[in-house]
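Participant: Just passing along the structure, written as structure tokens.
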Amino acid sequence: MIEVQEVRKQFGAVQALGGVSFTARDGQITALLGPNGAGKTTLLRTLVGLLRRDHGSIAIDGIDPEKDPLAVRRNIGLLTDQFGLYERLSTREYLSYFGELNGMAGPALRQRIGEVASLLQMDDILERRTKGFSQGQRIKVALARTLLHRPRHLLLDEPSRGLDVMSTRALRHALAALRADGCCVIMATHVMQEVTHLCDDVIVIAKGHTVAQGSPEELCRRTGIANLEDAFVSLVGTEEGIAA
Amino acid sequence: MKPKFLVVFLKELRETLRDKRTLGLLLLFTVMYPALIGYVVQQTINRATKSEREDLTIAVIGASQAPTLMAQLKQRNIKVEDPGTLDEAGITGLLQARKFPVVLRLTDKFTENYAAMRPARVELWYDSADEKGARRHDVEDVLEAYGANVASARLLAHGVSPATLAPIQVQRFDTGTNASRSAGLIGSLLGVLFVPVFICGMSSAIDSTAGERERRSLEVLMAQPAHAWELVVGKWLTSASLALGGVMFEMLLAHAILSWLPLEEIGMSWSLTLADLALVVFVTVPLCLFAAGLQVALAMNARSFKEAQSTLSFVMLLPLLPGIVIPMMELKTASWMYMVPVLSNQTLLREMTKGGELGVLPYAMTFACSALAALVAVGFATWRMKSERYVLSV
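Protein chains in written order, with our numbering: chain A, 1 to 244; chain B, 1001 to 1394.
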């Protein structure tokens, strides 16, 4: 469970977050919608305790990431907009590295790597060095790293970009399985179809403010627009979407 | 559970050792300096021993006028060739062609003047741009000895003791030992042995900070449940261990080369044992840590590999500077020298090659000054990685 109350963050004269509040519940996939520059990256960084907020409160399973960032991070899988692979390491070595950083070791780690690899259908690239991987293979490796330490919370920034149809389905199944396990998943995305298919809850942020939160149906109902994409545009305000 | 910094260390080390270009460079630098020293010393030895082994051939114009002189030259293993009559340009050409290091010309009136006991002129032609100056001295010695012999004979013929020509007698005593004499040359050569400390760990320091930042993997790493200091220390130790490995290998190589070269031929010796060498490497450990710390602290602030590389190659000259400039100033060894990283290591190694007891203090100071600087650098790097501004720019 991730609870965010009135979080604000200012960089010099720039107000990156002007008041973000939402609750992402366990056992749900929450979509984070917002135009580019809405403050999604800043929000994710604040959630893992890399940035300090100026105002408001954050509780991740009751823990404040500012007070105990390590405890929070142990329980979070973060997929950023960059994959951050190491070209001279094989996929297995890459996963072992992050597993060990998360306190895993030995046979348990090996076994978990195998599990994650079959979940994401990536056994074929496990022993290969990541240099020259396709976009789809890269994102799979990064996703595997995100899931490796069985975090209860997942923060995913556009997890499905660059994936082919098979892999997208695999990802969807993986996310559904995590939801069934009771994980709390926050997923930033621009693909409305994904939101309607997969997400139970939607947070819309624009200009660093939460504009709306609710299920896709609720948002459509509130705006009186049947199509989620049009509803999103109307919530954000058309002009800002284009300007950003 | 493995400590986190060890996890980072092992991963960085593995990644660096897989980079063939970096390894090649590492090998090049560790082999280059000992080889360079060996070459310079070998050349010195060759130059010093050559004149004895090889016989010298000079050209003498008008040789038939002074048969005794020619005989004495022959006794000293100097061969004589007669190139025939030559003018100035001809002699210059002969010297420039490096056919003969020295050309003697006996003037036409040599016999006449000699017989009349007037100074008979012998012209000694040489090219000072030619490096075989020592051979000229051989010829001059013979000429001088010949002149002195003739003078003594003439004095005797007049009933005067030749000893009147030597009012004083100089006897020389040299208290310098082989080891202390070598300290000058070898000491200045040994200075370069510490250069690889600043080179071997550099690419790993850059790759694991600026490189990781450029490839955008640093943000992911910083979002892991590990303290900033654990990440910094892991990367720092990787660079430091590469620097240490390079320096160890290089010292051993230099030791092998200097032990093998016939240093006695030029009145020098290499007196350090392997135990001494181990001690030198031991007090160099903090220097490696300092170099690596400085590199990590600087490189992590660069946005790209390239930027870090240009910053570092410039900044890495600074710690080396005192080690280059101060030996040039030919200052006497003083205790403050042991408080400057690099310079302290060089001074220590030079004093050790001189032989004699140093006491514990120089070792301790050499060790401590670099260790302190290393801690400051790593402290700064950790503080920097924790700062919000840094997070924003990764």
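Don't be surprised by glycine CBs; every beta carbon is placed ideally from N, CA and C.
(1) Would the segment 81-98 of chain A and the segment 52-69 of chain A be scored as touching if the rule is three or more Cβ pairs under 8 Å?
(2) Indicate whether at least one CB of chain B lies closer than 7 Å to the CB of A/I103.
(3) Spell out whether any CB of chain A is found under 7 Å from the CB atom of B/P1225.
(4) Rounded to whole angstroms, what's the CA-CA distance from A/P151 to B/L1298? Just pull it up for me.
(5) With 7 Å as the threshold, decide whether the Cβ of A/M166 is near any Cβ in chain B.
(6) Taking 7 Å as the cut-off, decide whether the C-beta atoms of B/Y1338 and B/T1311 are in contact.
(7) Let me confirm a value: B/I1168 is counted as buried when at least 16 other C-beta atoms fall within 10 Å, else exposed. Which label applies?
(8) Please report the straight-line C-alpha distance between B/T1022 and B/F1029, rounded to a whole angstrom.
(9) Taking Cβ positions, are B/A1291 and B/F1198 nearer each other than 7 Å?
(10) Of all Cβ atoms in chain B, is any one closer than 7 Å to the Cβ of A/Q10?
(11) What's the C-alpha gap between B/L1289 and B/V1280?
(12) Starting from A/G162, find everything on chain B with Cβ-Cβ shorter than 9 Å and list it in chain order.
(13) Identify the contact partners of A/E100 in chain B, using a Cβ-Cβ distance below 7 Å as the criterion.
(14) Counting only the same chain and skipping the five closest in sequence on each side, list residues whose C-beta sits under 7 Å from that of B/V1122.
(15) Name the chain A residues that come within less than 7 Å of B/M1222, Cβ to Cβ?
(16) Buried or exposed for B/S1217, please, with buried defined as at least 16 other CB atoms from any protein chain shown within 10 angstroms of its CB.
(17) Identify the continuous beta strand (DSSP E) that holds B/A1116 and give its terminal residues.
(18) Taking DSSP as the reference, what is the three-state secondary structure of A/F11?
(19) Below 8 Å, can you find three or more Cβ-Cβ pairs linking the segment 1211-1230 of chain B to the segment 1263-1272 of chain B?
(20) Under a three-way DSSP split, which group does B/R1018 fall into?
(21) Would you verify that the beta carbon of B/K1011 is, or is not, closer than 7 Å to some beta carbon of chain A?
(22) Run the proximity test for A/D124: is its beta-carbon closer than 6 Å to any non-hydrogen atom belonging to the ligand NAP?
(23) Using only alpha-carbon positions, find the residue among B/S1152, B/A1157 and B/V1170 that is nearest to B/A1163.
(24) Which runs of the beta strand (DSSP E) fall wholly inside the segment 122-203 of chain A and span at least 3 residues, in chain order?
(25) Around the C-beta of B/W1270, are 16 or more other C-beta atoms found within 10 angstroms, so that it is buried, or is it exposed?
(26) For A/R53, return the contacting residues in chain B, with the cut-off set at a CB-CB distance below 9 Å.
(27) List the endpoints of the continuous beta strand (DSSP E) containing A/L78.
(28) Whose Cβ in chain A lies nearer than 7 Å to the Cβ of B/E1351?
(29) Can you give, in chain order, each stretch of the beta strand (DSSP E) that sits fully within the segment 31-95 of chain A and has at least 3 residues?
(30) When DSSP labels each residue in this structure, what does A/G241 get in the three-state scheme?
(31) For B/E1214 and chain A, any beta-carbon pair shorter than 7 Å?
(32) So what's A/Q5 in DSSP terms, helix, strand or just coil?
(33) Would you mind working out which of A/L148, A/E194 and A/V233 sits nearest A/Y94, comparing C-alpha positions?
(34) Would you check if the distance between the CB atom of B/V1399 and the CB atom of A/T41 is smaller than 7 Å?
(35) In the DSSP assignment, find the unbroken beta strand (DSSP E) run with B/V1340 in it and report its ends.
(36) Whose C-alpha, out of B/I1045, B/D1055, B/R1014 and B/L1155, is nearest the C-alpha of A/R129?
Facilitator: The answer reads as follows:
(1) no
(2) Position check: residue 103 of chain A holds Gly in this sequence, whereas Ile was assumed. Closer than 7 Å: yes.
(3) yes
(4) 34 Å
(5) Output row for A/M166: interface = no.
(6) For B/Y1338 and B/T1311, no; Cβs fall outside 7 Å.
(7) exposed
(8) Taking the straight line joining both Cα atoms gives about 11 Å.
(9) yes
(10) no
(11) B/L1289 and B/V1280 have their alpha carbons spaced roughly 15 Å apart.
(12) Here the premise fails: no neighbours, minimum Cβ distance about 15 Å.
(13) K1002 and V1007
(14) L1104, L1106 and L1143
(15) L50
(16) buried
(17) Here B/A1116 belongs to no beta strand (DSSP E), and DSSP marks it neither H nor E.
(18) strand
(19) no
(20) coil
(21) yes
(22) This structure lacks the ligand NAP; in fact it carries no ligand of any kind.
(23) B/S1152
(24) Within the segment 122-203 of chain A, the complete beta strand (DSSP E) runs of at least 3 residues fall at 153-157 and 184-188.
(25) B/W1270 comes out buried.
(26) In chain order: nothing, as chain B lies at least about 11 Å away.
(27) I76 to L79
(28) Chain A residues near B/E1351: none, gap ~43 Å exceeds 7 Å.
(29) 55-60 and 76-79
(30) At A/G241, the pLDDT of 44 sits below 50, so the modelled position is not reliable and the matter cannot be decided from this model.
(31) no
(32) strand
(33) A/L148
(34) Chain B is shown from 1001 up to 1394; residue 1399 of chain B falls before or after that span and cannot be answered.
(35) Neither: B/V1340 is in no beta strand (DSSP E) and is coded neither H nor E.
(36) B/R1014
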